[in-house]
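Right, one structure below, let's go through it.
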Amino acid sequence: MLTKFETKSNRVKGLSLHSKRPWILASLHSGVIQLWDYRMGTLIDRFDEHDGPVRGVHFHKSQPLFVSGGDDYKIKVWNYKLHRCLFTLLGHLDYIRTVQFHHECPWIVSASDDQTIRIWNWQSRTCISVLTGHNHYVMCASFHPKEDLVVSASLDQTVRVWDIGALRKKSAAPADDILRLSQMNTDLFGGVDAVVKYVLEGHDRGVNWAAFHPTLPLIVSGADDRQVKLWRMNDTKAWEVDTLRGHMNNVSCVMFHAKQDIIVSNSEDKSIRVWDVTKRTGVQTFRREHDRFWILASHPEMNLLAAGHDSGMIVFKLERERPAFSVSGDSLFYAKDRFLRFYEFSTQRDTQVIAIRRPGSTSLNQGPRALSYSPTENAVLICSDVDGGSYELYVVPKDSIGRSDTVQEAKKGLGASAVFVARNRFAVLEKSTNQVLVKNLKNETVKKSSLPIAADAIFYAGTGNLLCRAEDRVVIFDLQQRSLIGDLQTPFVKYVVWSNDMETVALLSKHAIVIASKKLVHQCTLHETIRVKSGAWDDNGVFIYTTLNHIKYCLPNGDSGIIRTLDVPIYITKVSGNTIFCLDRDGKNKIIVIDATEYIFKLSLMKKKYDHVMSMIRNSQLCGQAMIAYLQQKGFPEVALHFVKDERTRFNLALESGNIQIAVASAKEIDEKDHWYRLGVEALRQGNAGIVEYAYQRTKNFERLSFLYLITGNMEKLSKMLKIAEVKNDVMGQFHNALYLGDVRERVKILENAGHLPLAYITASTHGLQDVAERLATELGDNVPVLPEGKVPSLLMPPPPILCGGDWPLLRVMRGIFEGGLDNIGRGAPDEDEEVADADWGEELDVDDMNGLQNGDVSAILEDGEGPEENDEEGGWDLEDLDLPPEADTPKVSANARSVFVAPTPGMPVSQIWIQRSSLAAEHAAAGNFDTAMRLLSRQLGIRNFVPLKPMFIDLHCGSHTYLMAFSCAPVLSLAVERGWNESSSPNVRGPPALVYNFSQLEEKLKAAYKATTAGKFTEALRLFLGILHTIPLIVVDSRREVDEVKELIIIVKEYVLGLQMELKRKEMKDNPVRQQELAAYFTHCNLQLPHLRLALQNAMTVCFRAKNLSTAANFARRLLESNPTEQQAKTARQVLQAAERNMKDASQLNYDFRNPFVVCGATYVPIYRGQKDMLCPYCSSRFVPSQEGQLCTVCDLAVVGADASGLLCSPSQIR
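Using my numbering, the letters of the sequence shown map in sequence onto residues 101 to 1316.
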């Protein structure tokens, strides 16, 4: 069984396959009807209007209809295109078991538990006949595919055949009056439309199913007595022919196969069985683990079956339909029916060669599976599944290509697969021992080779080589050397297709195609949702392949596309030019002519055969959105431009390829505001001021135009803009332009005209225009505004432009291959492009405006004295009222529009180079990439709290860059400062960033911290020590020795931070003398410098002595005397010892045992004695009690206790 599709759902009670489309209807016990596409494996639709189980469903042969019948006594007719139920047929009084459309008449037959069968006319929506006679539930009823018969099966243990010929005569229009009269009689007095022709009795229990043979007068039935019975009928009687026994439970459904002499049945014993009609024996059984089968359906035209069970359904085939074939040069050998046939591609001659099977001997799954041909010896190897896998060797006599019907005795042998590997040698795979046997034409074993992988099939791979297939890989094995030549991981490979030169191979699996070289070096993989069926290489090295419903191509780079759609699957045998030779499922040779333009074009583009591409663009009708998208995706928008006639698409492509020239031409054609705006944006990006100006003029975008003149320093045109704003009576525009020009008198005048006298007075007096200010003061009288005392006014004066900016300078580069050759195509007008290139665009702008003025004559408007009118939108100043100076008159694309310029590609920013090269957090912070710096610190040192590091990150970033002012109008330039730069270093080699923190600074800080500790300024000392601890992660040193020093420094500082934190905590505790003594004692166990250790010991001794803990105080006194103390310290220590020796007792019990070595927990400040479990800070290595795991380290305030970290990375020498 070859399962094609499987669903998981509620119990499936009814199935129907569509005659044309790859669809199947499944009606479920839950009341839902599902419509599936079994080829794609997708659910298309669901219909759920029935109440309760739906037991019967059937597609109409030609209309977009299907019918369903359910336990709600309703028959519904649906239109699947409209996704709805058209009408409901009511009449049955109990569950409806099956429904079926008639193949010609507008009839539906239905069988019901009300013991009747009804025939309905779905066009008139009425019941036209009720067939009564069964005396128990009617389990199924169906029309004969050709004759006017209905067969029904019932639980009354009978099968009935009904003649409905009268019904057809009745439904046909009567030819003459006498017939019409007789028809009226029958209507009035009840004529009989359907009569029982035969009653078939023989089953011992209720019959569940009965079905006609599609062509022969046979009936098959299945019943609860677990038997399948075969019946024959003639005109007068019907009789039982045979009984097929084998099912272990009720037989649910049974049917004849349309194409083969077999019966298929399924049962509640969880099996599907296949029976041979002629031999009347079981051929195959397919079992399911837990699901009882209920229904079977067959495809009206294809070899497909479907079966419904308790948890879904399966669509399957009983055997492969792919004909076995082998191509050799111009000839094709293939197996069809029981013959080996020969086809010549050049002459299209098809002849029968020899018979390879005896008549009647072919049974299910025993046909040829693969075929291998040796042209020199004219020998053919045929592999099949007979005896679990065997081969037959035929030597075809040269003269026997004719109608020989005698079966030649073949040399046979067992083997999973067999292929020719040389002229007169073939290899056979022996699966049990995983060996390949090389045999000669006498079928004698010449050589044995063990295979390196557990192969389940072998294919030809060049003389003496085998391609061996395993479940998930293929290898090429050299039989001479007994060595592997290539190995490749692939999905399960079904077919192997070599290119004509044997340089490339296509490995076809169910849903993928892998293309590899002859040594199995992977080139590309293609994935298909629909099953791949066959393929062949064309002469250009393109792989042409078929899926179930398409012919497609695959280019060497993995690009693929559809060539055409298929109605039925085909198997490609050879591709020659634009002709595809193929075999269909019936083993007929077919020729399909395809249009190869698309893939040849893409291939030429891929192989950079641009001359070929050019000629194809000129001569072929390549077009379509897909092709344009392809060219865009592959980086050829300029080529796509020449396919496109639509101006909007041309405009978009022109912008994408930076071709301002075509963009301007398209923008003119479209002439929409949005397109001019986008053109302006792109031209501005390219620094093409002329086009920007032109685009803004076309859209009357005065504000942008004024600003453009300001940034390009074109004062002359700015003053024109001021006059235009005046004419348009645009006060804000006038004021802005006066501001841009720095024309103070004009600004005062505008403010005065607008009635803002106080503002006008302030502007005049601030800018020193005393005469105007006095005149305005007299006008204002008492309302003169008072200027603030003692403030120096800053004047709103723009800096005077040093240079007047024009178009940006562009690099000169070589023209692309397509620019010159393609300029005259696409639009179909060669002249137009020439004109765009060389014309003086200024003239094109001369559009007469409403007053008949030449464009640009602003002065004429001003002298006219009419001033602005109400309908100013149309008149006054039209699209281009600018008196442009000669050099800017023509906004040309460049000095010479025929040359092509491309701006240089921007280089990589230095900060990016720093990041690429470095794993040091400091360098990432210096580059401004704080995110990766934090990730690195987190990974290396387990740091999670970055708040203390934030100011340092910012310092590093700012410190590694310097900033230059170029022009006042240009942005500030930031320059990277590199570490170790000198005059002689190469300008192209980038050094690492200069860093503001270094190791020597830390040594200075450490000395200052020691000093503060000695002086007893503990808070200050703690701040300094923590500063060192926070800076170390961002230090970079050069040598390994310095790395060790940095690590040593972390340990030193950590000890001091812990000790000082405990000491400060002790000073806060006034009311807990025991805890005070403990903390003082723990401080003496921190690893301090000797002077600081003496001070700590003296401190602890004093605290304990005062608290009457004389024994502990004596211990500190001894340790102090051993540490080479000062005279004063030694004196005090001796006095304490003398006092303690009189009374060696402790007044209070401390959590402190000086004899047992310990470290102090950095968070809880309790001793962790040797052997006790503890947690470590991954950065400062402070120790903590286990409960602190996952908390922030209280010593360094950066890392998380117990976090995984790779360790401090502070030098490039650690990475090398």
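Where is the CB? At the ideal position from N, CA and C, for every residue including glycine.
Would F1216 be called buried (16 or more neighbouring beta carbons within 10 Å of its own) or exposed? Counting of Cβ neighbours within 10 angstroms places F1216 among the buried residues, the total reaching 16 or more.
From I902 to F1125, what does the alpha carbon distance come to, in whole angstroms? Distance between the alpha carbons of I902 and F1125 is about 55 Å.
Could you check the C-alpha separation between W598 and V614 for me, to the nearest Å? W598 and V614: Cα-Cα distance of roughly 12 Å.
Kindly indicate which three-state DSSP category N403 falls into: helix, strand or coil? Here N403 sits in coil by DSSP.
Rank G131, Q200, L703 and K417 by C-alpha distance to the C-alpha of E106 and give the top, closest one. The residue with the shortest Cα to Cα distance from E106 is K417.
Which residues mark the beginning and the end of the beta strand (DSSP E) in which L514 is found? It spans K511 to L514 - the beta strand (DSSP E) in which L514 sits, taken as one unbroken run.
Inter-residue CB distance, L1188 and G1159 (contact presumed, cutoff 8 Å): Rounded, the Cβ-Cβ distance is 6 Å, consistent with contact.
Buried or exposed, going by whether 16 or more other CB atoms sit within 10 Å of the CB of A479? With a threshold of 16 other beta carbon atoms within 10 Å, A479 meets it and is buried.
Quick one: complete alpha helix (DSSP H) runs, 4+ long, within the region 713–792? Whole alpha helix (DSSP H) segments, 4+ residues: 725–733, 737–740, 747–756, 760–770 and 773–785.
By the DSSP assignment, the alpha helix (DSSP H) with F706 in it spans what residues? A small correction: the amino acid at residue 706 is Met; Phe does not occupy that position in the sequence shown. Looking at the DSSP string, the run of the alpha helix (DSSP H) that includes M706 is T697 to M706.
Starting from T198, follow the beta strand (DSSP E) in both directions and report where the run begins and ends. For T198, the enclosing beta strand (DSSP E) has its first and last residue at I196 to F201.
H1057 by DSSP, collapsed to three states: which one? Three-state result, H1057: helix.
Cα separation between V1266 and D1253? Cα to Cα, the separation comes out at about 12 Å.
Give a yes or no on whether the C-beta atoms belonging to A864 and V884 are separated by under 8 Å. Cβ distance not < 8 Å, so A864 and V884 don't count as in contact.
Can you tell which of V230, E204, D391 and S224 has its C-alpha closest to the C-alpha of S210? Comparing alpha-carbon positions, the option among V230, E204, D391 and S224 lying closest to S210 turns out to be V230.
C-alpha distance - I362 paired with D335, whole-angstrom precision: Each residue's alpha carbon lies about 24 Å from the other.
What residue range is occupied by the uninterrupted alpha helix (DSSP H) comprising D871? DSSP places D871 in the uninterrupted alpha helix (DSSP H) bounded by Q870 to L880.
For F439 and K542, what's the separation of their Cα atoms in angstroms? F439 and K542: Cα-Cα distance of roughly 22 Å.
Let me know the secondary structure DSSP gives M101 once reduced to three states. Here M101 sits in coil by DSSP.
Among the residues of its own chain, which have a CB less than 6 Å from the CB of M348, if the five just before and after it don't count? Taken in chain order, the residues that qualify are D369.
Got a sec? Which residues, its chain only, sit under 8 Å from G661 by beta carbon, not counting five neighbours each side? Once the five neighbours on either side are set aside, the close Cβ partners of G661 are K652, Y653, E698, Y699, K702 and A726.
Determine which residues share a DSSP beta bridge with R332 and list them. Under DSSP, R332 shares a beta bridge with L318 and W339.
P737 to Q1016 span [Cα, whole Å]: Roughly 32 Å between the two C-alpha positions.
Please report the residue range of the alpha helix (DSSP H) in which K1334 lies. Limits of the chain in this structure are 101 at one end and 1316 at the other, which puts residue 1334 out of reach.
Measuring only the C-alpha atoms, how far is I1128 from G790? Straight-line spacing of the CA atoms in I1128 and G790 works out to 59 Å.
Local Cβ density within 10 Å of N366, reported as buried at 16 or more and exposed below that: Taking all protein chains shown into account, N366 has 16 or more neighbouring C-beta atoms within 10 Å of its C-beta and is therefore buried.
8 Å Cβ cutoff met for G813 and C904: Yes.
If you reduce the DSSP assignment to three classes, tell me which class F1177 lands in. According to the sequence as given, residue 1177 is Gln; it is not Phe. In this structure, Q1177 counts as helix in the three-state DSSP scheme.
Determine which residues share a DSSP beta bridge with N689 and list them. Looking at the DSSP assignment, N689 forms a beta bridge with L683.
Since I believe D450 is in contact with N689 (beta carbons under 8 Å), could you give me their beta-carbon distance rounded to a whole number of angstroms? For a cut-off of 8 Å, the C-beta gap from N689 to D450 is around 6 Å, short enough to register as a contact.
Given 8 Å, three or more beta-carbon pairs between the region 1162–1182 and the region 1079–1092: No, they do not touch.
Based on Cα-Cα distance, which residue from S472, K512, P497 and Y473 lies nearest to Y491? Checking every option, the nearest Cα to that of Y491 belongs to K512.
Beta-bridge partners of E106, as assigned by DSSP: Bridge partners of E106: I414.
Beta-carbon contacts of V1301 that lie in its chain and below 6 Å, excluding the five residues immediately before and after: Taking C-beta separations shorter than 6 Å and ignoring five residues to either side along the sequence, the partners of V1301 in its chain run M1275, C1277, F1284, Q1288, E1289, Q1291 and C1293, following chain order.
Beta-bridge pairing of M897 - partner residues as DSSP gives them: Paired residue(s): none; M897 is not in a bridge.
For a minimum of 4 consecutive residues, which ranges assigned as the alpha helix (DSSP H) are wholly contained in the region 1221–1292? Along the length of the region 1221–1292, whole alpha helix (DSSP H) runs at least 4 residues long occupy 1227–1242, reported in chain order.
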